[in-house]
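Chemist:
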Amino acid sequence: MNLEQAVTIAPYMQDFYDEDVTVVISSLQSVIVVINYKNQNLIVSQDEPTNEKTITSQCLKERKRVVMRVPLEKSQFGISYIAIANPLWNNGKLEGAMTVVISGKRYDALKLHDSIEGARAGDKRWGLEVVADEFGKLYESEKNSDLVVSDDVIEVNVSELFN
Numbered sequence: 001m002n003l004e005q006a007v008t009i010a011p012y013m014q015d016f017y018d019e020d021v022t023v024v025i026s027s028l029q030s031v032i033v034v035i036n037y038k039n040q041n042l043i044v045s046q047d048e049p050t051n052e053k054t055i056t057s058q059c060l061k062e063r064k065r066v067v068m069r070v071p072l073e074k075s076q077f078g079i080s081y082i083a084i085a086n087p088l089w090n091n092g093k094l095e096g097a098m099t100v101v102i103s104g105k106r107y108d109a110l111k112l113h114d115s116i117e118g119a120r121a122g123d124k125r126w127g128l129e130v131v132a133d134e135f136g137k138l139y140e141s142e143k144n145s146d147l148v149v150s151d152d153v154i155e156v157n158v159s160e161l162f163n
């Protein structure tokens, strides 16, 4: 995808995600387009130079796709997020980058859920193991109850034959 194509599709990017996203399109020197959706308002302005500390800058330097999850504690925007930056090429020449910033709310909720499960188990690392154990017990009890039902059905069928 080239720079012109990215600018054309940027307004429609929210349609591809369940979470709020921000789309930033940059040339090699500066931000060209910023589209903030709903509850996400990143402090990025059109025409400002590309910040050296951003994933967009990293993408431009490395000339490849970069994906990064940034927790709230390390965020320059005051929210946790996942950022995906893709280089934009035109006939083999790097023109810029398109970065999609996705709210980390859902990821944070899953992390919280795992912490709660870990607390129930008494140790953070055992949370998922406890859940897996419970599924195993449920499977075994269901498997055994199927055998009992099968035995009961056979017993009824045999008694009907002899009566």
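The sequence shown begins at 1 in UniProt numbering and counts up one residue at a time.
Every residue gets a Cβ at the ideal spot worked out from N, C-alpha and C, and that includes glycine.
Where do the ends of the alpha helix (DSSP H) carrying residue 7 lie?
Modeler: As a working note, residue 7 is residue 7 in the sequence shown. Element bounds for residue 7: 3 to 9.
Chemist: Compare the C-alpha of residue 77 against each of 93, 54, 61 and name the closest.
Modeler: Along the sequence shown, read from residue 1 onward, the residue named residue 77 stands at position 77. Ranking the options by Cα distance to residue 77, first place goes to 54.
Chemist: Tell me, please, whether the segment 58 to 68 touches the segment 10 to 25 by the rule of three or more beta-carbon pairs shorter than 8 Å.
Modeler: As far as the Cβ criterion goes, the segment 58 to 68 does not touch the segment 10 to 25, which means the pair count is below three.
Chemist: Can you check DSSP and say which residues form a bridge with residue 22?
Modeler: Indexing the sequence shown from 1 puts residue 22 at position 22. BP columns for residue 22 point to 36, 101.
Chemist: Thinking C-beta only, is residue 28 closer than 9 Å to residue 72?
Modeler: Taking the sequence shown and counting its residues from 1, one reaches residue 72 at position 72. Taking the sequence shown and counting its residues from 1, one reaches residue 28 at position 28. No.
Chemist: Can you tell me whether DSSP reads residue 64 as helix, strand or coil?
Modeler: As a working note, residue 64 is residue 64 in the sequence shown. Looking at residue 64 - three-state DSSP - the assignment turns out to be coil, as it is neither helix nor strand.
Chemist: For residue 51 and residue 9, what's the separation of their Cα atoms in angstroms?
Modeler: Within the sequence shown, the letter at position 51 stands for residue 51. Within the sequence shown, the letter at position 9 stands for residue 9. Using only the alpha carbons, I get a separation of about 23 Å.
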